[in-house]
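**Q** Residue numbers (our numbering), protein chains in the order written: chain D, 1 to 311; chain R, 1001 to 1151. A virtual CB, placed ideally from N, CA and C, is assigned to each residue, including glycine. The structure under discussion is supplied below as structure tokens; questions concerning it will follow.
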Amino acid sequence: MLMALFNIVIFPGLLFLGIYALFFAFLDRKLYARLQNRVGPPWFQPLADFCKLLGKETIIPQGADRRVFVSLPVFALAAVTTAFIYVPIWSVNSLFPFEGDLIVVLYLLTIPTLCFFLGGWYSTSLYATIGAVRALTQLFSYEVPLFMAMLAPAILAETWSISGISAYYAEHPLYILINIPAFLVAMVACQGKLERVPFDLPEAETEIVSGTFVEYSGRLFAIFKMAIDCELVVVSALIAAIFLPFHAANPWLGFLYFIIKTVIILILLCLFRASMARVRIEQMLMFCWKILTPLAIIQIIINLLVRGALA
Amino acid sequence: MSKNFFEKAVDWGRRKSPWIIHFNAGACNGCDIEVVDALTPRFDVERLGLLQQGTPRHADVLVCTGAVTLQTRDRLKQIYEQMPEPKFVLAVGSCACTGGIFDGCYCVSGGIDSVIPVDAYIPGCAARPEAIIDAVVKLLTALEQSQKAAD
Ligand code: SF4
């Protein structure tokens, strides 16, 4: 009981995830600034933003459904934190590994997007509604290639658990090379999931002010922002666990590996973000369905063939 | 009564992360260009924690340019009221301070302070980006002093 509470609240639950997410947000912004030849924000910037938002007035629009409007940010954060418990951190195994946790984590990571959609919808603001519809449209385009790219390594490893996949590739490191196309697809598709620059249509600040979050202010917006930052950590940890399964037997060394792996993924994601501009929604749909999805399908076929050859 | 730890953290956050929203109340566009200039990588205001936001709901500082025309008066008031407390207003440019060369025009109600309270005035036609950043820093310093005084 006490251990479970420790796991939920402190490590690897809320507190650790929150601090690591703030660190990630800083690293992301700093790298982005350096790539633009700027100095960038100081190290405490995300924390200062968070504190400030917590202390601000929280406005709930008149037309909004109060209960739903208030609970959605909490739902989003809770789903992301729950997903983190099933991602391996200090060793091959996560805290509670079970067969099929890959699917559970992927679905848990869909909940924040649905919360963004509902949040925008219940705000009853025009901009928020446009953002909400875009969030949902986007969901249908990146989710398919992302899921397929994550499932392709699972097919080769013949297991649906993240820990199982990690263990399999740790035993056969060379098989990672087969999954490189899936890795690229996952990296691009997760930009859509995280609503980062090439695919940040739902919050596109310059056209629909900030989309789904238009009406959120103060504490509720702080929680939403926290959920987004945490999602960045969870997604990079998931990609690291599946595609970069280098582990150490020692938990401390394993933890160090985890940080190195996730930071490498963050740097790649940041490079994507800094080198691209926002696309239009139909360009994004076109790209996801015509390029990413076929690539992911080819990857699955390759993995099936390799599996057959190995058997 | 002195403030507790959480109130101090919030005060600190307020000083370190001023998010701005830019509103043109009827400027000739000269000052707007300077505001946009101040946000470019060359001046890098993110090192002060300053970020531009799209919606008044996320903003702390309303950066206004230009004399207030009768057309924008109600909109300016609305945008100000949409911002959550605590909020600050910067008047950028001579027009925003007093009405400038448009003062007394048939369609102008005067400077920004004829409609909403203003915390800092930045004179100049157009105000330089350095002056705008300087004003933000002075605003934050004044905020720090008032926070200390309240403590
Ligand atoms: S102060 Fe000068 S530059 Fe600025 S809006 Fe007025 S006339 Fe234009």
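Listed by chain order, which residues have C-beta atoms less than 6 Å from any heavy atom of the ligand SF4?
**A** A1027/R, C1028/R, G1030/R, C1031/R, T1065/R, G1066/R, G1093/R, S1094/R, C1095/R, G1100/R, I1101/R, C1125/R and A1126/R
**Q** Less than 8 Å between C-beta atoms, sequence neighbours within five positions excluded: which residues of the same chain meet that for I176/D?
**A** Counted from its first residue, the first sequence places residue 176/D at position 176. Non-local C-beta neighbours of I176/D in its own chain, meaning closer than 8 Å and more than five positions away in sequence, comprise Y169, F243, L244 and P245, ordered along the chain.
**Q** What are the partner residues of W43/D, as DSSP defines its beta bridges?
**A** Here residue 43/D refers to the residue found at position 43 when the first sequence is read from its first residue. Answer is none; W43/D lacks a bridge partner.
**Q** Anything in the stretch 224 to 237 of chain D with a Cβ closer than 8 Å to a Cβ of chain R? List those residues in chain order, please.
**A** none
**Q** Looking at the secondary structure, which residues open and close the alpha helix (DSSP H) in which F75/D lies?
**A** The residue given as residue 75/D occupies position 75 in the first sequence. That run of the alpha helix (DSSP H) goes R66 to I85.
**Q** Could you compute how far the alpha carbon of R1014/R sits from the alpha carbon of D49/D?
**A** For the purposes of this step, residue 1014/R is taken as residue 14 along the second sequence, with counting starting at 1. For the purposes of this step, residue 49/D is taken as residue 49 along the first sequence, with counting starting at 1. Those two C-alpha atoms are separated by around 8 Å.
**Q** Check whether chain R comes within 9 Å of Y122/D, counting only Cβ atoms and requiring the distance to be less than that.
**A** Position 122 of the first sequence, counting from 1, holds the residue named residue 122/D. So no, Y122/D is outside the interface.
**Q** Below 7 Å CB to CB, which residues in the same chain sit around P88/D once its five sequence neighbours on both sides are set aside?
**A** Position 88 of the first sequence, counted from the start, is the residue given in the question as residue 88/D. Contacts found: S94, I162, S163, S166 and A241.
**Q** From Q62/D to F96/D, what distance separates their C-alpha atoms?
**A** Within the first sequence, the letter at position 62 stands for residue 62/D. Within the first sequence, the letter at position 96 stands for residue 96/D. Q62/D and F96/D: Cα-Cα distance of roughly 43 Å.
**Q** P1084/R touches chain D at which residues, Cβ-Cβ below 8 Å?
**A** Translated into the one-based positions of the second sequence, residue 1084/R becomes position 84. K56, E57, T58, I59, S217 and G218, listed in chain order.
**Q** Counting only the same chain and skipping the five closest in sequence on each side, list residues whose C-beta sits under 6 Å from that of P46/D.
**A** Taking the first residue of the first sequence as position 1, residue 46/D is located at position 46. Excluding residues within five positions, the ones whose Cβ falls inside 6 Å are L22, A25 and F26.
**Q** If we ignore side chains and look at the alpha-carbon of each, how far apart do V306/D and L114/D end up?
**A** For the purposes of this step, residue 306/D is taken as residue 306 along the first sequence, with counting starting at 1. For the purposes of this step, residue 114/D is taken as residue 114 along the first sequence, with counting starting at 1. Those two C-alpha atoms are separated by around 36 Å.
**Q** Using a Cβ cut-off of 9 Å (strictly closer), state whether N7/D contacts chain R.
**A** Locating residue 7/D in the first sequence gives position 7, where the first residue counts as 1. So, not an interface residue.
**Q** Is there a Cβ of chain R sitting closer than 9 Å to that of V39/D, yes or no?
**A** For the purposes of this step, residue 39/D is taken as residue 39 along the first sequence, with counting starting at 1. Judged by the 9 Å Cβ criterion, V39/D is in contact with chain R.
**Q** Which bits of chain R does D49/D rub up against, with CB to CB less than 9 Å?
**A** For the purposes of this step, residue 49/D is taken as residue 49 along the first sequence, with counting starting at 1. Residues of chain R whose Cβ lies closer than 9 Å to the Cβ of D49/D are, in chain order, G1013, K1016, S1017, W1019, G1049 and L1051.
**Q** Which stretch, first to last residue, makes up the beta strand (DSSP E) that contains T1065/R?
**A** Counting from 1 along the second sequence, the entry for residue 1065/R is found at position 65. Start and end: V1061 to T1065.
**Q** For the alpha helix (DSSP H) that contains N303/D, what are its first and last residues?
**A** On the first sequence, residue 303/D is found 303 positions in, with the first residue counted as 1. Segment T293 to L310, the alpha helix (DSSP H) holding N303/D.
**Q** For R29/D, would you say it is in contact with chain R, using Cβ-to-Cβ distances shorter than 9 Å as the test?
**A** By 1-based counting over the first sequence, the position of residue 29/D is 29. Taking Cβ atoms only, chain R reaches closer than 9 Å to R29/D, which makes this a yes.
**Q** With 9 Å set as the bound, which would you pick, yes or no: does the beta-carbon of T1055/R sit closer than that to a beta-carbon of chain D?
**A** Counting from 1 along the second sequence, the entry for residue 1055/R is found at position 55. Yes, T1055/R counts as interfacial toward chain D.
**Q** Rounded to the nearest angstrom, what separates K56/D and K1087/R at their Cα positions?
**A** Here residue 56/D is taken as the residue at index 56 of the first sequence, counted from 1. Here residue 1087/R is taken as the residue at index 87 of the second sequence, counted from 1. Using only the alpha carbons, I get a separation of about 9 Å.
**Q** Determine the burial state of N250/D: buried for a count of at least 16 other Cβ atoms within 10 Å of its Cβ, exposed for fewer.
**A** Mapped onto the first sequence, residue 250/D falls at position 250. Per the 10 Å Cβ criterion, exposed.
**Q** Check for me: the alpha helix (DSSP H) holding F1006/R runs from which residue to which?
**A** Reading the second sequence from its first residue, position 6 is the one you call residue 1006/R. That run of the alpha helix (DSSP H) goes F1005 to K1016.
**Q** Can you give me the Cβ contacts of F98/D inside the same chain, cut-off strictly under 7 Å, excluding the 5 residues immediately before and after it?
**A** Position 98 of the first sequence holds residue 98/D. Same-chain partners within the cutoff: S161.
**Q** Select from L304/D, F255/D, L310/D and A237/D the residue whose C-alpha is nearest the C-alpha of A154/D.
**A** Here residue 154/D refers to the residue found at position 154 when the first sequence is read from its first residue. It is L304/D.
**Q** Can you tell me where the beta strand (DSSP E) holding I1019/R begins and where it ends?
**A** Within the second sequence, the letter at position 19 stands for residue 1019/R. Contrary to the premise, residue 1019/R reads as Trp rather than Ile in this sequence. Where W1019/R is concerned, the enclosing beta strand (DSSP E) stretches over W1019 to N1024.
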